[in-house]
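**Q** Provided herewith is a single structure, encoded as structure tokens, for subsequent inquiry.
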Amino acid sequence: MAKEFQFNWRPNVPSLLQHGSVFDRYDDESTCLETNAHVKVDEYGFFLYWLIEARDAVVLDMGQVWEARPSGLPKDGRVLFELEQRGSRETLEERTIWITHGQDLVNVQSFYLVAETVEIAKAWRIGINEILKNCKIRHVCPTTNLLRYWKWLTLSVNDRRKIPIKLLVKTFASGKPEKMVLKCLSDLGLCGDKYTVPRVMNRSMGKKISSIYKCSSGRKKKEREELDVEILTFEKFIRLYNKICPRSEVQELFVKLSGQKEYLTRDRLTNFLNEEQRDPRLNEILFPFFDNTRTQVLISKYEQDNNYIDNGKMSGDAFLRFLMSDENSPVFLDRIDMHQDMDQPLCHYYINSSHNTYLTGRQYGGKSSSEIYRQVLLSGCRCIELDCWDGTGENKGEPIITHGKAMCTDVFFKDVLYQIRDTAFARSDFPVILSFENHCSKSNQLKMAKYCVDIFGDMLLTKPLDDFPLEPGVPLPSPNRLRRKILIKNKRLKPEIEKHQLDQFLREGKLDEEDEIAETPEVVGEDSVSPLDCCDEDDGDMSDEDDPSVQSSTNVSTSTISCRASRPSLDSPQPQPAAQQLLAPLDRALSHKLVIRSPRFSLRAISMKGRQSPLAGDQRAHPEVEPTAVTCPAIKPPTPGEAQPCKEPDEAHPELKQNFISKNLKSLGFTKKQRLASVVSALSIQEFHANHRWFVWLTFYESRP
1 MAKEFQFNWR PNVPSLLQHG SVFDRYDDES TCLETNAHVK VDEYGFFLYW LIEARDAVVL
61 DMGQVWEARP SGLPKDGRVL FELEQRGSRE TLEERTIWIT HGQDLVNVQS FYLVAETVEI
121 AKAWRIGINE ILKNCKIRHV CPTTNLLRYW KWLTLSVNDR RKIPIKLLVK TFASGKPEKM
181 VLKCLSDLGL CGDKYTVPRV MNRSMGKKIS SIYKCSSGRK KKEREELDVE ILTFEKFIRL
241 YNKICPRSEV QELFVKLSGQ KEYLTRDRLT NFLNEEQRDP RLNEILFPFF DNTRTQVLIS
301 KYEQDNNYID NGKMSGDAFL RFLMSDENSP VFLDRIDMHQ DMDQPLCHYY INSSHNTYLT
361 GRQYGGKSSS EIYRQVLLSG CRCIELDCWD GTGENKGEPI ITHGKAMCTD VFFKDVLYQI
421 RDTAFARSDF PVILSFENHC SKSNQLKMAK YCVDIFGDML LTKPLDDFPL EPGVPLPSPN
481 RLRRKILIKN KRLKPEIEKH QLDQFLREGK LDEEDEIAET PEVVGEDSVS PLDCCDEDDG
541 DMSDEDDPSV QSSTNVSTST ISCRASRPSL DSPQPQPAAQ QLLAPLDRAL SHKLVIRSPR
601 FSLRAISMKG RQSPLAGDQR AHPEVEPTAV TCPAIKPPTP GEAQPCKEPD EAHPELKQNF
661 ISKNLKSLGF TKKQRLASVV SALSIQEFHA NHRWFVWLTF YESRP
């Protein structure tokens, strides 16, 4: 950067966390308690680690920690019993710190730390969460990342509190021969001391090995190399890194700039900074050019040889340190903090959004989780999605979150709201938008509204702001005006329907559930079409006359298509009976299915008119609709010994002469009753072939009581 800027990425780590505290530790799969674990956080805030006597240290990257929160009682009874022996059960939940961590949003793990007192647990929870709010650490320079690796090596000690040489080799051996790494360690004096680990062996097994190898002592001992933590300084670690992983491209650039010399002069370095490193689009007043004075400051900062500093020279190692420092960051470090104008209307900004937030895996047969909402909000999302459905089975009567009819698991709607309430503003104060995909019934929608008001409280924005009314020409409020507010984005009803339902609710205290059409369509046959697909969801019913696909496939005149019942309206003065409501979508699905399967014949053109069987009653699917199409003859019970003839179809409709027979339709949730079984049994096979006609079996359905 041409403009000097002090980038302070280090978080404020409390002294309590640096000195550490003693905790009892367990996780979800633990069957025993790890006692007296000395837990600490390093001074840079890089790692959370703990030491247990006679065990290797465990180091956890703070960049993978999501949050620290209170917890309940452990699931395992033995762990709970041990904790009760070591402290009071009444304060166990307050003394427990639940830490969740993971490399991504889905694969999240957790463990629990139990403090001695409630005050220590509270101080640790606050301290860890404050460190996690530091986002600057994600934009550090390569030198700071090397500092992180060095700190990890010094903390990953074995049971003797020394660094295993094997760990050093594993760190640098990616793409490099192991012998090369060991040679570089030897050149820098980092070989370490050899430590012999006695191996416990059965005496009879030792005799067998000694008889085979003629040397039992060599098989019972294993040598390890380890290094004292004080020997591996950060300067030696940097030298080891440059020796194992040399930057050949930087060396070529340095030779080109220095003119085949071992150093860069002050003038050459100034020329390099102004002509190659500087962005020519920068303002000369705000970002002035480098001069010899500013160049000398850089030399004094990165050069370690005093003779070079006095003579205004920079060596190759100092030049590499300069290029890997914050002075040459790929991002503007002064813009990592909030610097934009957040007082514009809300619709002027992009938003970090999450789609299908509840899913932790695939969309079909996947798993839904309420915990994922915490991780998404903690990662910075400000818009999350909730697919709301009516609960079934054990969850009947409660709104749930699931992925429709994709065989995914369910979570309760109110459980998700609790997770949102706890983490909505843990990382940011800007508003959170809840995108509802609402498939619930009216009663469950009332529950959803009550849950939102009760759980969110004052965080929920229930009415427009006084200075930003929802009127034409008035802009939306800004993100700053909506800080720490939860907004709900949901599709509203039409104004007249919304007014009618609101008046009904205020007058009667409830809404009429009979006006609804179930979200779960009834399945008819194996390849049936959903009843909801036969009509437009937003603009009411669309007749077959308006549907070009039906016109092109059927090739039947509009006069032959009988009328069907219109979709029930919420503001209708006389709602249809519940049984007819169930039959109406089924009839549309059945008719639509037969039109698709037989494009030359429409079952919807046939209606029952005339005298009915005294035992059958009114067999029409829509008795309230008067037929206006081709009719079928009246059917009466046959007399003994007399066959019932089949009347010729209307000659005005020759398409009805086409041979056609419908398959037996299997229904879901309906009982099939063949009303015309006696008529069909009376027809003789000879008359059936003589007339060369196919008799259409009409099958009617009634809902189960």
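When we follow the UniProt record's numbering, the leftmost residue of the sequence shown carries the number 1, and every step to the right adds one.
From the three backbone atoms N, C-alpha and C, an ideal C-beta is built for every residue, glycine too.
Note that the structure is a prediction, hence the values are computed from the model and not measured.
(1) Put residue 712 into one of helix, strand or coil per three-state DSSP.
(2) Identify the residues that DSSP records as bridge partners of residue 59: which are they?
(3) Where residue 149 and residue 399 are concerned, what is the direct C-alpha to C-alpha distance, given to the nearest angstrom?
(4) According to DSSP, which residues form a beta bridge with residue 438?
(5) Over the uninterrupted alpha helix (DSSP H) stretch that includes residue 160, give me the two end residues.
(6) Counting pairs of beta carbons, one from the region 475–488 and one from the region 424–433, are three or more of them closer than 8 Å?
(7) Look up residue 347 in the DSSP assignment and say whether it is helix, strand or coil.
(8) Answer with buried or exposed for residue 78, where buried requires no fewer than 16 other C-beta atoms within 10 angstroms of its C-beta.
(9) Residue 413 and residue 388: beta carbons closer than 9 Å?
(10) May I ask you to list the residues that DSSP assigns as paired with residue 111?
(11) Looking at the unbroken alpha helix (DSSP H) that takes in residue 418, where does it start and where does it end?
(12) From which residue to which residue does the alpha helix (DSSP H) around residue 307 run?
(13) Report the option in 10, 298, 379 and 358 whose CA atom is closest to the CA atom of residue 369.
(14) Quick one: is residue 24 buried, meaning 16 or more other Cβ sit within 10 Å of its Cβ, or exposed?
(15) For residue 298 and residue 322, which I take to be in contact (beta-carbon distance under 8 Å), what is that distance rounded to the nearest angstrom?
(16) Look up residue 94 in the DSSP assignment and say whether it is helix, strand or coil.
(17) Excluding sequence positions up to five away, which residues of its chain have a Cβ less than 7 Å from the Cβ of residue 311?
(18) Taking 9 Å as the cut-off, decide whether the C-beta atoms of residue 266 and residue 301 are in contact.
(19) I'd like to confirm the pairing. Which residues does DSSP put opposite residue 137 in its beta bridges?
(20) Report back the beta-carbon spacing between residue 95 and residue 121 to the nearest angstrom; my notes put them in contact at under 8 Å.
(21) Please look up how many angstroms separate the CB atoms of residue 10 and residue 49, rounded, as I've assumed it's under 8 Å.
(22) If you draw a straight line from the C-alpha of residue 275 to the C-alpha of residue 292, how long is it?
(23) With DSSP as the reference, identify every bridge partner of residue 500, one or two as the case may be.
(24) Can you grab the Cα-Cα spacing for the pair residue 13 / residue 126, in whole Å?
(25) Can you give me the Cβ contacts of residue 355 inside the same chain, cut-off strictly under 7 Å, excluding the 5 residues immediately before and after it?
(26) Could you check if residue 8 is buried or exposed, using at least 16 other CB atoms within 10 Å of its CB as the buried criterion?
(27) According to DSSP, simplified to helix, strand and coil, what is residue 261?
(28) Going by the DSSP bridge assignment, what does residue 399 pair with across the sheet?
(29) Assign residue 258 to one of two classes, buried (16 or more other C-beta atoms within 10 Å of its C-beta) or exposed (fewer than that).
(30) Could you check the C-alpha separation between residue 236 and residue 181 for me, to the nearest Å?
(31) How is residue 459 classed by DSSP in three states: helix, strand or coil?
(32) Mind checking who residue 19 pairs with in its DSSP beta bridge?
(33) Is the number of C-beta pairs between the region 443–451 and the region 404–420 that are closer than 8 Å three or more?
(34) Helix, strand or coil for residue 561, going by three-state DSSP, please let me know.
(35) For the alpha helix (DSSP H) that residue 186 lies in, which residues bound it at each end?
(36) Cα separation between residue 74 and residue 83?
**A** So, to answer that:
(1) The displayed coordinates of the chain run from 1 to 705. Any statement about residue 712 would go beyond what the structure contains.
(2) Counted from its first residue, the sequence shown places residue 59 at position 59. Looking at the DSSP assignment, residue 59 forms a beta bridge with 49.
(3) Taking the first residue of the sequence shown as 1, we reach residue 149 at position 149. Taking the first residue of the sequence shown as 1, we reach residue 399 at position 399. Answer to the nearest angstrom: the Cα atoms are 48 Å apart.
(4) Counted from its first residue, the sequence shown places residue 438 at position 438. Answer is 388, bridged to residue 438.
(5) Taking the sequence shown and counting its residues from 1, one reaches residue 160 at position 160. Element bounds for residue 160: n/a, residue is neither H nor E.
(6) Pairwise C-beta distances place the region 475–488 in contact with the region 424–433, as three or more of them are shorter than 8 Å.
(7) The residue labelled residue 347 in the question sits at position 347 within the sequence shown. Residue state, collapsed to three classes: helix.
(8) The residue given as residue 78 occupies position 78 in the sequence shown. It counts as exposed.
(9) Mapped onto the sequence shown, residue 413 falls at position 413. Mapped onto the sequence shown, residue 388 falls at position 388. For residue 413 and residue 388, yes; Cβs fall inside 9 Å.
(10) Locating residue 111 in the sequence shown gives position 111, counting from the first residue. Answer is 27 and 99.
(11) On the sequence shown, position 418 is the one that residue 418 refers to. Taken as a continuous stretch (DSSP letters only), the alpha helix (DSSP H) holding residue 418 covers 413–423.
(12) To locate residue 307, count along the sequence shown from 1; it is residue 307. Segment 306–310, the alpha helix (DSSP H) holding residue 307.
(13) Position 369 of the sequence shown, counted from the start, is the residue given in the question as residue 369. Of the candidates 10, 298, 379 and 358, the one whose C-alpha sits nearest the C-alpha of residue 369 is 358.
(14) Stepping through the sequence shown from its first residue, residue 24 is reached at position 24. When all chains shown are included, residue 24 counts as buried.
(15) In the sequence shown, residue 298 corresponds to position 298, counting from 1. In the sequence shown, residue 322 corresponds to position 322, counting from 1. The Cβ separation is near 6 Å, so the contact holds.
(16) Along the sequence shown, read from residue 1 onward, the residue named residue 94 stands at position 94. In this structure, residue 94 counts as helix in the three-state DSSP scheme.
(17) Within the sequence shown, residue 311 is the residue found at index 311, counting from 1. Cβ neighbours of residue 311 beyond the five flanking positions: none.
(18) Here residue 266 refers to the residue found at position 266 of the sequence shown. Here residue 301 refers to the residue found at position 301 of the sequence shown. No, these two residues do not count as a Cβ contact at 9 Å.
(19) The count along the sequence shown starts at 1 and reaches residue 137 at position 137. None; residue 137 has no bridge partner.
(20) Residue 95 sits at position 95 when you count from the first residue of the sequence shown. Residue 121 sits at position 121 when you count from the first residue of the sequence shown. Sure, about 5 Å apart at Cβ, within 8 Å.
(21) The residue you call residue 10 lines up with position 10 of the sequence shown. The residue you call residue 49 lines up with position 49 of the sequence shown. Actually they do not touch by this definition, with Cβ atoms about 18 Å apart.
(22) Translated into positions along the sequence shown, residue 275 becomes position 275. Translated into positions along the sequence shown, residue 292 becomes position 292. About 14 Å.
(23) On the sequence shown, position 500 is the one that residue 500 refers to. Note: residue 500 sits in no beta bridge, so no partner.
(24) Position 13 of the sequence shown, counted from the start, is the residue given in the question as residue 13. Position 126 of the sequence shown, counted from the start, is the residue given in the question as residue 126. Going by the C-alpha atoms only, they are around 11 Å apart.
(25) Indexing the sequence shown from 1 puts residue 355 at position 355. Answer for residue 355: 385, listed in chain order.
(26) Sequence index remark: in the sequence shown, residue 8 carries index 8 (1-based). Exposure of residue 8 is indicated by the presence of fewer than 16 other C-beta atoms within 10 angstroms of its C-beta.
(27) Start at 1 with the first residue of the sequence shown, and residue 261 comes out as number 261. Here residue 261 sits in coil by DSSP.
(28) The residue given as residue 399 occupies position 399 in the sequence shown. DSSP, once it has assigned bridges, lists 390 as partnering residue 399.
(29) What you label residue 258 is simply residue 258 of the sequence shown in a count that begins at 1. Answer is buried; the Cβ neighbour count reaches 16.
(30) One-based indexing of the sequence shown puts residue 236 at position 236. One-based indexing of the sequence shown puts residue 181 at position 181. Going by the C-alpha atoms only, they are around 14 Å apart.
(31) Counted from its first residue, the sequence shown places residue 459 at position 459. Reduced to three states, the DSSP call for residue 459 is helix.
(32) As a first step, residue 19 is located in the sequence shown; it is residue number 19 there, counting from the start. Note: residue 19 is not bridge-paired with any residue in the DSSP secondary-structure output.
(33) yes
(34) Position 561 of the sequence shown, counted from the start, is the residue given in the question as residue 561. At residue 561, the pLDDT of 30 sits below 50, so the modelled position is not reliable and the matter cannot be decided from this model.
(35) For the purposes of this step, residue 186 is taken as the residue at position 186 of the sequence shown. That run of the alpha helix (DSSP H) goes 178–187.
(36) Reading the sequence shown from its first residue, position 74 is the one you call residue 74. Reading the sequence shown from its first residue, position 83 is the one you call residue 83. Cα to Cα, the separation comes out at about 9 Å.
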